[in-house]
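Remarks on the structure that follows.
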Amino acid sequence: MTQEDHISKDGSSEDASFLNQLTPTQEHFLKKYLLENRLVEELHTFSDPLACQLLGKPFKTNLPKNGLSELPLLSFFFQNFLVSFPFITNNSEKNQEKFWQGTLQPFIESLNSKPLSNSEERQENITKRRQINKKFLSLLLLFYNSTLITKQELTYLNESHYKPSDTGKLDKFQNRLQDCSWRYGLEDYNSMKFLNDISINIIAVRTIKDKLPTEAPSQSWTRYLFSSEDAPPRHHYEFVIQIVTREKEDASYSYESSFISRHYKEFKGLDAALKKAFPGIMSGEVSNLPRKEKNDLGYNVTSRSGSIDSTFEVEDEDEDESNGSLAREKLRVALRGYLRSVTKIPALAHSIIVQDFLLNKEHSFSKLTTEDLKDYNLRMDHEETMLKTRYEFQQQTTKVMAQFAKDFEDFTQNLIMNPKTISELFEDLGKTSDINKLSPLFRTFNEWCKLEIAATLYETFLSQDNSNEWFNKCKKFHRLFPYSIVYGILRFTNPVNIVSKVIDLLLINIPRFSWPSWGGKPEEEKQNGTKKPGARNLLSLIFIMLLGEDLSTYEKELKNLRQEKLGPGYSLFLKRLENYTNLTYVEINLIKDEAMEKSQDLLLTILSTDLLEPKVTEREDRFILKEAFRSHDKYVKIVEDKDLDSAELYLNLKQYWQILVRKKDKDVMKQLWEEPELTNLIKDVLSIFYQPLMKLFAKSDVHIVFRAFQKFADDLVATLTKINNEEIYYLNSMEIYTKLKQLLDNHEKIIWEFIHNIYIKDDQKLFLKLINWIEKFLAMLRLKFADEELVKMQLSTNGLVIDEELALRQLDARVALVVQRRRLFKEYLSAKSSNIQTAEDMLVKEWDNINEQALGNASSGDFGLHSEDLEEFNNLNCEGELETNTKQSDLEKLLSTKLRELELVSKTVGTSELDKLDPFVKAELTRVLGGIHIE
Numbered sequence: 031m032t033q034e035d036h037i038s039k040d041g042s043s044e045d046a047s048f049l050n051q052l053t054p055t056q057e058h059f060l061k062k063y064l065l066e067n068r069l070v071e072e073l074h075t076f077s078d079p080l081a082c083q084l085l086g087k088p089f090k091t092n093l094p095k096n097g098l099s100e101l102p103l104l105s106f107f108f109q110n111f112l113v114s115f116p117f118i119t120n121n122s123e124k125n126q127e128k129f130w131q132g133t134l135q136p137f138i139e140s141l142n143s144k145p146l147s148n149s150e151e152r153q154e155n156i157t158k159r160r161q162i163n164k165k166f167l168s169l170l171l172l173f174y175n176s177t178l179i180t181k182q183e184l185t186y187l188n189e190s191h192y193k194p195s196d197t198g199k200l201d202k203f204q205n206r207l208q209d210c211s212w213r214y215g216l217e218d219y220n221s222m223k224f225l226n227d228i229s230i231n232i233i234a235v236r237t238i239k240d241k242l243p244t245e246a247p248s249q250s251w252t253r254y255l256f257s258s259e260d261a262p263p264r265h266h267y268e269f270v271i272q273i274v275t276r277e278k279e280d281a282s283y284s285y286e287s288s289f290i291s292r293h294y295k296e297f298k299g300l301d302a303a304l305k306k307a308f309p310g311i312m313s314g315e316v317s318n319l320p321r322k323e324k325n326d327l328g329y330n331v332t333s334r335s336g337s338i339d340s341t342f343e344v345e346d347e348d349e350d351e352s353n354g355s356l357a358r359e360k361l362r363v364a365l366r367g368y369l370r371s372v373t374k375i376p377a378l379a380h381s382i383i384v385q386d387f388l389l390n391k392e393h394s395f396s397k398l399t400t401e402d403l404k405d406y407n408l409r410m411d412h413e414e415t416m417l418k419t420r421y422e423f424q425q426q427t428t429k430v431m432a433q434f435a436k437d438f439e440d441f442t443q444n445l446i447m448n449p450k451t452i453s454e455l456f457e458d459l460g461k462t463s464d465i466n467k468l469s470p471l472f473r474t475f476n477e478w479c480k481l482e483i484a485a486t487l488y489e490t491f492l493s494q495d496n497s498n499e500w501f502n503k504c505k506k507f508h509r510l511f512p513y514s515i516v517y518g519i520l521r522f523t524n525p526v527n528i529v530s531k532v533i534d535l536l537l538i539n540i541p542r543f544s545w546p547s548w549g550g551k552p553e554e555e556k557q558n559g560t561k562k563p564g565a566r567n568l569l570s571l572i573f574i575m576l577l578g579e580d581l582s583t584y585e586k587e588l589k590n591l592r593q594e595k596l597g598p599g600y601s602l603f604l605k606r607l608e609n610y611t612n613l614t615y616v617e618i619n620l621i622k623d624e625a626m627e628k629s630q631d632l633l634l635t636i637l638s639t640d641l642l643e644p645k646v647t648e649r650e651d652r653f654i655l656k657e658a659f660r661s662h663d664k665y666v667k668i669v670e671d672k673d674l675d676s677a678e679l680y681l682n683l684k685q686y687w688q689i690l691v692r693k694k695d696k697d698v699m700k701q702l703w704e705e706p707e708l709t710n711l712i713k714d715v716l717s718i719f720y721q722p723l724m725k726l727f728a729k730s731d732v733h734i735v736f737r738a739f740q741k742f743a744d745d746l747v748a749t750l751t752k753i754n755n756e757e758i759y760y761l762n763s764m765e766i767y768t769k770l771k772q773l774l775d776n777h778e779k780i781i782w783e784f785i786h787n788i789y790i791k792d793d794q795k796l797f798l799k800l801i802n803w804i805e806k807f808l809a810m811l812r813l814k815f816a817d818e819e820l821v822k823m824q825l826s827t828n829g830l831v832i833d834e835e836l837a838l839r840q841l842d843a844r845v846a847l848v849v850q851r852r853r854l855f856k857e858y859l860s861a862k863s864s865n866i867q868t869a870e871d872m873l874v875k876e877w878d879n880i881n882e883q884a885l886g887n888a889s890s891g892d893f894g895l896h897s898e899d900l901e902e903f904n905n906l907n908c909e910g911e912l913e914t915n916t917k918q919s920d921l922e923k924l925l926s927t928k929l930r931e932l933e934l935v936s937k938t939v940g941t942s943e944l945d946k947l948d949p950f951v952k953a954e955l956t957r958v959l960g961g962i963h964i965e
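Residue numbering for the sequence shown is 31 to 965, as defined by our numbering.
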């Protein structure tokens, strides 16, 4: 019996099966599962080198014209939203065809043929769902599940069922923030932030004065001008660190606090020792050791002017001639951030190196001196002011958001009635360049943008532990950037031609007589002596050189692990790890499947599986394998047992594996740069996306805006420098807020004038087309309200023999799985909220709450998005972040464990009967999507 026999002329199903017994809730979840299953399958298929052919035109294909039947979901999205992207369609048909067939298709085919690692190799997780890009899957699932409906879908949406409200919204922090304590004391252990049961805080900086030695051969020549008797005092700075450790005792914790004083040189020694002992971890997971600053001298407490004494510093000795209050404050918070990034990782936190640095009994002490306490209180007062400034930004943003939510509500109602509302709003820009004469929504949106930008500037460059490092990098870039030269080019020449010439210079092929020493010959040339015709341009050579430097670093780290950590006795297992990284996708997936079937760590499976060579046959090797398994068990319990020595073998093998994976990825990227497909793609992307913008900007007097941007950058750097070096020590929260807000107020006029000019000069209507393209998504999501039959899927068993009782049991298990997952995330978010103790954590969370208020009383359902699907999307993103996070908190580990247990329970029921519907669903999606045409 054919599909047509089961569908009547009006499209309704005549199939009498278990499907007719489903409630609206069951039908909805069945549709969602079938869509997710189909997307997973299609995304897996798209990793094939010839996947472009399955999408059909405009790709070159030898397949039948109706390629939609092979990948119905991906093909529809591709044809209706990617092919029609305005910047692409703005080109001639010939150029569009060249881009799709001559550039993008060869690149995708080349990329898909390369064995790039995924996050499983990177982080050793082995769940099947993470073999695809989870975010892309969740986005497409959100889009299609909200667009396509079933017979009882609208009934389901209007009845009482498991909605996001069941999971509960978190309480707003507004009241808690108003009454919260902005600081905690040295013994307020419950308010401290613990990482692997260790809380780190650098609470004070000691200034130690002494006389210069008579002979100082390593010092500056100016030291010899002074004798030992009349020499000025030399200042050494030592950082007083409070270390609080905790241990679980029944339902509560016991705490132990101690202090230790460390010089900056000792931090350098710690960093060097950790890099030698843990090369794989330190190179990828720990922030760099911060550098010292010559102007980090604090201020004179007796002068509100914040004047700073002159600086006299020798980098190697950490000394100067001044001793202002809050001296070395920037370095203090930066070093604190560094130590916290170290203690986030269990293997580092419980290593002998870190334990000796933090808890050395010979150098630690239990009480602070009077001077220490005085310095501590000054620094905590300063941190309190910084936190209150962040709060001030939130307060002001909340006030604007209240008005924005009201204006946005009116806009939402118009948008629901008229999908072209966004276009009409954009057209207001053509009427005036004065922001004060635009609609109330625009004006409120402008105020909100300025507050968000000002808050971001403060958070990024002033208030974080690593803010000073970021600010110095940006300030250096600003100082070196050739603004005047670029301004002259933009004003007196055609920027499009200049950019084109630069692109040609970077991407034009050059003769290759021999390979540069940093890049090395490609593997195939080494083997057969033939030269592969590929990319031989300046840009590719630059990247090949940079990648070659990274590869050289990895080789050194691997050599260190082989020779100093593992030794020749482990050569068989190191060879197995190397062989694994060279396997094909099919072979790698077989090993991953074995690991999943055994519920085993992937690295242990690689070491023990019979699918890899060389085989583990010798008695000595089998003994080492058993030791690796025992070491893994200890590694899992590092936090509990604090026994890193027993886990050292597994840790070293894991580092060796992770570096091999990174090295393999760099090798693949190097191969891509050696081939012409990547550089051709870069050239075409610049031509299609960049040049139209440059032509438009040239007509919009971009040189005037560029000069205004330079002035803004100058003012921004000057303002931040003044605040950072002087005013931050004595300005109150409102004064800092006002300075940054005023800076943006002073420069907003030129931005709106530029946007207005772009609208006026945009004769090709690029931006209007872009907005129309966005409106296509809104129109698609609301089709079910406009024409229900057009997007209705008719579910059917298609004459298949299905165990109805088992199918219903499997479906109910899927519903229970989704509901349980929502409850787990609710419990996690509630626990996370209740665990927020410090004002800093509250401030971070409050930004999320503020942004949630932007829609006011409008809901996602007004736009056609299922609110519960949106919740699922957020949960999937949260789960993806958990899986790739190697530094999970106890709460995150608990959630991950419960999610895995839930998946294992659901697998006992399986989905075998539901999966039988997939072929029919594929055909049904082809029918439904083939009938949808969006203008």
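Built from N, CA and C at the ideal position, the CB exists for glycine as well.
Length of the line joining the Cα atoms of residue i and residue j
i: Asn-682; j: Glu-594; result: 10 Å
i: Ser-291; j: His-393; result: 7 Å
i: Asp-731; j: Ile-515; result: 16 Å
i: Lys-397; j: Val-363; result: 21 Å
i: Lys-693; j: Leu-632; result: 19 Å
i: Phe-423; j: Leu-774; result: 14 Å
i: Phe-815; j: Asn-448; result: 13 Å
i: Arg-930; j: Trp-130; result: 41 Å
i: Ile-832; j: Gln-182; result: 22 Å
i: Tyr-488; j: Ala-81; result: 46 Å
i: Glu-902; j: Pro-88; result: 34 Å
i: Ser-143; j: Ile-636; result: 23 Å
i: Glu-722; j: Phe-117; result: Checking the sequence shown, residue 722 turns out to be Pro, not Glu. In a straight line, the C-alpha of Pro-722 is about 8 Å away from that of Phe-117.
Among the options, nearest to residue i - alpha-carbon criterion
i: Glu-704; options: Ala-846, Gln-126, Ile-574, Gln-688; result: Ile-574
i: Met-312; options: Asn-466, Thr-709, Ile-689; result: Ile-689
i: Arg-606; options: Val-646, Ser-582, Asp-631, Lys-589; result: Val-646
i: Ser-763; options: Thr-119, Phe-89, Lys-418, Ile-271; result: Lys-418
i: Lys-667; options: Ala-377, Phe-269, Asp-301, Ile-964; result: Ala-377
i: Val-845; options: Leu-481, Leu-944, Glu-401; result: Leu-944
i: Leu-925; options: Ile-962, Lys-128, Leu-708, Arg-851; result: Arg-851
Proximity of residue i and residue j at Cβ, strictly below 8 Å
i: Asp-227; j: Thr-275; result: yes
i: Leu-588; j: Tyr-686; result: yes
i: Ser-371; j: Ser-317; result: yes
i: Glu-100; j: Leu-171; result: no
i: Lys-306; j: Leu-361; result: no
i: Thr-177; j: Lys-61; result: no
Which residues DSSP lists as bridging residue i, in chain order
i: Arg-968; result: The structure shown does not extend to residue 968, since the chain spans only 31 to 965, so no value can be given for it.
i: Ala-234; result: Val-270
i: Gln-569; result: Correcting the residue identity first, residue 569 is Leu in this sequence and not Gln. The partner list for Leu-569 (beta bridge, DSSP) is empty, contrary to what the question assumes.
i: Ile-179; result: Lys-822
i: His-293; result: Glu-268
i: Ile-962; result: Note: Ile-962 sits in no beta bridge, so no partner.
i: Ile-228; result: Leu-225, Thr-275
Buried or exposed by the 16-neighbour rule on C-beta atoms within 10 Å, applied to residue i
i: Glu-657; result: exposed
i: Lys-771; result: buried
i: Ile-138; result: buried
i: Gly-367; result: buried
i: Ser-628; result: Residue 628 is actually Lys in this sequence, not Ser. Classification of Lys-628: exposed, given that the 10 Å Cβ count is below 16.
i: Gln-794; result: exposed
i: Arg-652; result: exposed
i: Pro-512; result: exposed
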